[in-house]
Each structure stands twice: as C-alpha cells, then as structure tokens.
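As structure tokens, the structure follows; a few thoughts come after it.
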Amino acid sequence: MVSADKVTARLSFNGTYKGEFMGKTPTGKPVHFFAIDILHIRYEKVVEDWHLEDNLTLMQQLGVVSEN
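Be aware that the sequence shown starts at 193, since it is given in the working numbering, and climbs by one per residue.
Listed below in structure tokens is the structure:
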C-alpha cells in the first residue's frame, strides 16, 4: 500500500528451526510468521521504518512459550 509519503509492506518469513534458541534444542520443523513495515519516505529516501513482527507466533513454534 502506498500513500503520499508512506509505503506499507506485509512480510512473510519461512524457515527451518535448525539452531539452539533460548536454551531450546532445534526441532528441524518449519517456522512461519508475518511482519509489517511502514516506511516513511522523504525526498525519495526512507527516513523512518516502523517494523512490527508476530514474535508470539514464532516463539510458540520454537517452543519457547506455550501455545495456550
């Protein structure tokens, strides 16, 4: 989505849990989560980037937090 001075992007991340994370042994299972970036553009350059990602879903998939 584009407005006068902002661009919004929805990002999709996919990967495989291969390395230890926060003391948890890797499972080899796939992980998937989304993020949103809102870029503020001025004079054809990015001057600000607001980034929000769904870390709860990622942490649940890694087994760091429970899914309840």
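The beta-carbon is built from N, C-alpha and C at its ideal position, and this holds for glycine as well. As the structure is a computational prediction, the values presented were derived from the model and not from experiment.
**Prompt:** Is it true that the CB of F213 sits closer than 7 angstroms to the CB of L189?
**Reply:** Outside the shown range of the chain, which is 193 to 260, sits residue 189, and nothing can be said about it.
**Request:** Determine the direct distance from the alpha carbon of I228 to that of H243, and round the result to whole angstroms.
**Result:** 6 angstroms
**Request:** Could you tell me the distance, in whole angstroms, from the CA atom of E236 to the CA atom of T200?
**Result:** 15 angstroms
**Message:** Let me make sure I understand the geometry here. Which of L231, T219, S258 has the alpha-carbon closest to that of G207?
**Reply:** T219
**Asked** With which residues is D248 paired in a DSSP beta bridge?
**Response** In the sequence as presented, Asp is not what sits at residue 248; that position holds Leu. DSSP output for L248 lists no bridge partner at all.
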